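*Asks:* Pasting in a structure now, in structure tokens, and then I'll have a few things to ask.
Numbering (our numbering), first residue to last: 800 to 873.
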């Protein structure tokens, strides 16, 4: 089994959009959200999310991430 690699950190909304774009390209990802972690621990919070993929998908995923960042800067 391949190790997970962090490919993106951003807001929950940005991370969800990028996760969807990766899924459309056939790349599975894991989203870790501070908001979800807070709810599980008993307190809610808004904040950042981290998006992970399998190391074997790195090359294709990083192309999608780079395009996503280019489109969303500003």
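We put the beta carbon where it would ideally sit given N, CA and C, even for glycine. Every value quoted in this text rests on a predicted model; they were computed, and no experiment measured them.
Quick one, which of 825, 819, 861 and 815 has its alpha-carbon nearest residue 806's?
*Replies:* Here the closest residue by C-alpha is 861.
*Asks:* Is DSSP giving residue 819 helix, strand or coil here?
*Replies:* Three-state DSSP puts residue 819 in a helix.
*Asks:* For residue 863, is the classification buried or exposed, using 16 other Cβ atoms within 10 angstroms of its Cβ as the cut-off for buried?
*Replies:* The residue in question, residue 863, is buried, as its Cβ has 16 or more Cβ neighbours within 10 Å.
*Asks:* Could you work out which residue in 809, 803 and 802 is closest to residue 868 when comparing CA atoms only?
*Replies:* For residue 868, the nearest C-alpha among the options comes from 809.
*Asks:* Out of 803, 853 and 813, state which residue places its alpha-carbon closest to the alpha-carbon of residue 825.
*Replies:* Residue 853 is the option with its Cα nearest to residue 825.
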